[in-house]
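Line by line, the protein sequences are chains A and B. Counting from 1, one number per residue, gives the positions in the first sequence under the numbering used here. Counting from 1001, one number per residue, gives the positions in the second sequence under the numbering used here. Backbone N, C-alpha and C define an ideal beta-carbon position, used for all residues, glycine too. Only a predicted model underlies this, so the values are computations on that prediction, with no experimental measurement involved. Let me begin by presenting the structure, written as structure tokens, before commenting on it.
Protein chains: 2
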Amino acid sequence: MRRRSRKPATAPRKLPVQARSARLVADILEAAVRVLEREGAQRFTTIRVAETAGVSVGSLYQYFPNKQSILYRLQVEEWDKTGATIDAILADAALPPAERLRTMIRAFFHSECEEAPLRNALDAATPDYHAAPESRAKRERSRAILAKFLAAAAPSASSSQRAHGAELVFITMTSVGKQLSERRPSHAEVNRTADAIAGMLTWYLAQLGA
Amino acid sequence: MRRRSRKPATAPRKLPVQARSARLVADILEAAVRVLEREGAQRFTTIRVAETAGVSVGSLYQYFPNKQSILYRLQVEEWDKTGATIDAILADAALPPAERLRTMIRAFFHSECEEAPLRNALDAATPDYHAAPESRAKRERSRAILAKFLAAAAPSASSSQRAHGAELVFITMTSVGKQLSERRPSHAEVNRTADAIAGMLTWYLAQLGA
DNA sequence: CTACGATACGAATAATTATTCGCGTTTGGT
DNA sequence: ACCAAACGCGAATAATTATTCGTATCGTAG
């Protein structure tokens, strides 16, 4: 447990060029997920990851500069996946805005619940991830997408009202989603909560332009 | 870092009987808070706590069976404090329900933000705290208080609707409060968010009995 | 005052950790 | 077939950790 330097690198130290090393990297990432789910964040260990992947620690360290970088890769992949889903739903002009919001929140909550063990372990293992610039950029993009959506959902609101609205939708959605996922709720319970939250947010947005 | 036994004890191993040992325990708890705030959860260490308190590790272990038990004591104290505040506000019959809810959420959010570094570190250091029976009991009591409040706030709702309402108020309040506290928001921003959340919840509760 | 339990101490122990490095093996182009 | 580079290995290293225990000091009851 050597002290981390001020800026823990996340970039791979060496890129896989042959097929076997590409497979090795893939195996390591897959094993990392399994270790997080089986053992939890506390017991997420380079040795355990290497063992689970069926490779040696030395090999692991040829493509990842440190333990953090493995978690970082997983975190980014995870975020990109759910981000794309959300964007697609919000942009679907065939549905009325309220319906889009409801569908999006349902999808988001279900996604959060499905990946709960992984995400919780990631959060516990990388508590400073939110300060990372890449994470900040991702959230900015999300807020931009939400703001565009609000132009349709609350057309008569001022732009500063819309900014506040986007902020509120974002914080409510993400925080309730996270907390909800920690309770292993039933499918029905997720839908009920999602619909309640979506209803409240819809009311709030309608309010904005009044 | 010996493997934790299946049930990590939280009860003190020995009760302080003389004045100096009572002071020692108090010093340790105070130092624990300082260490969490200064160093974070990752670097929260029995040795560091003892050093900061100006006592030796051995003394620490005479009154705390393990590291967890220190964090557990802090967690319980923290919870009791904000719980009492909330209960008092919700029970104040002099104000209309909507106003009570708004005041309570403002107070809760401000409290969350003030103690953010401590609470975040506690959460990171004791990720399994929510499974503890004592924590479960505390949440039950909160929900009971909320349910009683809902009898005044949504008198025409059925009892199962009220249960859902209490659940929604609880999860929304706690989750948004936690996430909000992680951004070091300004006083005004906290009030704005609290009022928006309180407004949405009030609308939702009014809805319930319609 | 005195003796005994309570208290305090902190070096020692045992476990676990992230990360490195030297050496053997495989690959792919020639 | 040959060889340089890429790859894979895992014991060794150095750091840090929680917790114990033998010993020394203190407080107080009698």
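Practice prompt. Pull up the distance between the alpha-carbon of Pro-97 of chain A and that of Tyr-1072 of chain B, whole angstroms please.
Written response: Numbered from 1 along the first sequence, position 97 holds the residue referred to as residue 97 of chain A. Numbered from 1 along the second sequence, position 72 holds the residue referred to as residue 1072 of chain B. Note on geometry: alpha-carbon atoms of Pro-97 of chain A and Tyr-1072 of chain B lie some 45 Å from one another.
Worksheet item: What did DSSP end up calling Glu-182 of chain A once you bin it into helix, strand or coil?
Response: Here residue 182 of chain A corresponds to residue number 182 of the first sequence, with the count starting at 1. Here Glu-182 of chain A carries a coil assignment [DSSP, helix/strand/coil].
Discussion item. In the DSSP assignment, the alpha helix (DSSP H) including Lys-1067 of chain B goes from what residue to what residue?
Written reply: By 1-based counting over the second sequence, the position of residue 1067 of chain B is 67. In this chain, the alpha helix (DSSP H) harbouring Lys-1067 of chain B covers 1067 to 1090.
Discussion item. Just to check my reading of the structure: Ala-201 of chain A and Ala-157 of chain A have Cβ atoms closer than 8 Å, yes? What is that Cβ distance to the nearest angstrom?
Written reply: Indexing the first sequence from 1 puts residue 201 of chain A at position 201. Indexing the first sequence from 1 puts residue 157 of chain A at position 157. The question names Ala, but residue 201 of chain A in the sequence shown is Leu. About 13 Å separates the two Cβ atoms, so there is no contact after all.
Discussion item. Taking the alpha helix (DSSP H) that Leu-15 of chain A belongs to, which residues open and close that run?
Written reply: Counting from one through the first sequence, the residue named residue 15 of chain A turns up at place 15. Per DSSP, Leu-15 of chain A belongs to no alpha helix (DSSP H) and is neither H nor E.
Discussion item. Using only the alpha-carbon positions, how far apart do Ser-1021 of chain B and Ala-1154 of chain B sit?
Written reply: Position 21 of the second sequence, counted from the first residue, corresponds to residue 1021 of chain B. Position 154 of the second sequence, counted from the first residue, corresponds to residue 1154 of chain B. C-alpha separation (whole angstroms): 51 Å.
Worksheet item: In its own chain, which residues sit with a C-beta less than 7 Å from the C-beta of Ile-1145 of chain B, not counting the 5 before and 5 after it?
Response: For the purposes of this step, residue 1145 of chain B is identified with residue 145 of the second sequence, where counting begins at 1. Non-local C-beta neighbours of Ile-1145 of chain B in its own chain, meaning closer than 7 Å and more than five positions away in sequence, comprise Asp-1087 and Leu-1090, ordered along the chain.
Item to complete: Just tell me which of A:Ala-53, A:Glu-99 and A:Leu-24 has its CA closest to the CA of Leu-36 of chain A.
Response: Start at 1 with the first residue of the first sequence, and residue 36 of chain A comes out as number 36. A:Ala-53 is the residue among A:Ala-53, A:Glu-99 and A:Leu-24 whose C-alpha sits nearest the C-alpha of Leu-36 of chain A.
Worksheet item: Excluding the five sequence neighbours on either side, which residues of its own chain have a C-beta within less than 8 Å of the C-beta of Glu-217 of chain A, listed in chain order?
Response: No statement about residue 217 of chain A is possible, as the shown extent of chain A runs from 1 to 210 and does not include it.
Worksheet item: Does DSSP put Asp-1128 of chain B in a helix, a strand or coil?
Response: The sequence position of residue 1128 of chain B within the second sequence is 128, counting from 1. Asp-1128 of chain B: coil per DSSP, three-state reduction.
Item to complete: Output the boundary residues of the alpha helix (DSSP H) element that contains Arg-1048 of chain B.
Response: Here residue 1048 of chain B corresponds to residue number 48 of the second sequence, with the count starting at 1. That run of the alpha helix (DSSP H) goes 1046 to 1053.
Worksheet item: How should Ser-1142 of chain B be labelled, buried or exposed, when 16 other C-beta atoms within 10 angstroms of its C-beta is the threshold for buried?
Response: Along the second sequence, read from residue 1 onward, the residue named residue 1142 of chain B stands at position 142. Only buried fits Ser-1142 of chain B, as 16 or more other CB atoms lie within 10 angstroms of its CB.
Discussion item. Is there a Cβ of chain B sitting closer than 7 Å to that of Met-173 of chain A, yes or no?
Written reply: Taking the first residue of the first sequence as 1, we reach residue 173 of chain A at position 173. So no, Met-173 of chain A is outside the interface.
Discussion item. Count Cβ pairs between the stretch 31 to 48 of chain A and the stretch 102 to 111 of chain A that sit closer than 8 Å; are there 3 or more?
Written reply: Judged by Cβ distances under 8 Å, the stretch 31 to 48 of chain A makes no contact with the stretch 102 to 111 of chain A, as fewer than three pairs qualify.
Discussion item. Quick check: is the beta carbon of Met-1200 of chain B nearer than 7 Å to any beta carbon in chain A?
Written reply: As a first step, residue 1200 of chain B must be located in the second sequence, where it is residue number 200. Yes, because at least one Cβ of chain A sits closer than 7 Å to the Cβ of Met-1200 of chain B.
Worksheet entry | Interface flag, Trp-79 of chain A vs chain B, CB-CB below 7 Å | Here residue 79 of chain A is taken as the residue at index 79 of the first sequence, counted from 1. Under the 7 Å criterion on CB atoms, Trp-79 of chain A is classed as non-interfacial with respect to chain B.
Practice prompt. Please classify Arg-1119 of chain B: does DSSP put it in a helix, a strand, or coil?
Written response: For the purposes of this step, residue 1119 of chain B is identified with residue 119 of the second sequence, where counting begins at 1. DSSP, read as helix, strand or coil, puts Arg-1119 of chain B in helix.
Fill in: Nearest-angstrom Cα separation, counted from Tyr-1061 of chain B out to Val-1216 of chain B
Because residue 1216 of chain B is not part of the residues shown, which for chain B are 1001 to 1210, the question remains open.
Worksheet item: Per DSSP, what kind of secondary structure is Gln-1062 of chain B in: helix, strand or coil?
Response: Numbered from its first residue, the second sequence carries residue 1062 of chain B at position 62. Gln-1062 of chain B falls in the helix class under three-state DSSP.
Worksheet item: Over what stretch of residues does the alpha helix (DSSP H) that includes Arg-1136 of chain B continue unbroken?
Response: Numbered from its first residue, the second sequence carries residue 1136 of chain B at position 136. Per DSSP, Arg-1136 of chain B belongs to the alpha helix (DSSP H) from 1133 to 1153.
Worksheet item: What separation, rounded to the nearest whole angstrom, lies between the Cα atoms of Gly-1177 of chain B and Cys-1113 of chain B?
Response: To locate residue 1177 of chain B, count along the second sequence from 1; it is residue 177. To locate residue 1113 of chain B, count along the second sequence from 1; it is residue 113. A direct Cα-Cα distance of roughly 8 Å separates Gly-1177 of chain B from Cys-1113 of chain B.
Practice prompt. In the DSSP assignment, find the unbroken alpha helix (DSSP H) run with Pro-1097 of chain B in it and report its ends.
Written response: If you number the second sequence from 1, residue 1097 of chain B lands on position 97. Start and end: 1097 to 1114.
Discussion item. I'd like to know whether the C-beta atoms of Leu-245 of chain A and Gly-165 of chain A end up nearer to each other than 7 Å.
Written reply: An answer regarding residue 245 of chain A cannot be provided, because it is not within the stretch 1 to 210 covered by chain A.
Worksheet item: Would Ala-210 of chain A be called buried (16 or more neighbouring beta carbons within 10 Å of its own) or exposed?
Response: Against the first sequence, residue 210 of chain A aligns to sequence position 210. With fewer than 16 other Cβ atoms within 10 Å, it is exposed.
Worksheet item: Beta-carbon of Val-1176 of chain B versus every beta-carbon of chain A: anything under 7 Å?
Response: Here the question's residue 1176 of chain B lines up with position 176 in the second sequence. Yes, Val-1176 of chain B lies at the interface with chain A (some Cβ there is under 7 Å from its Cβ).
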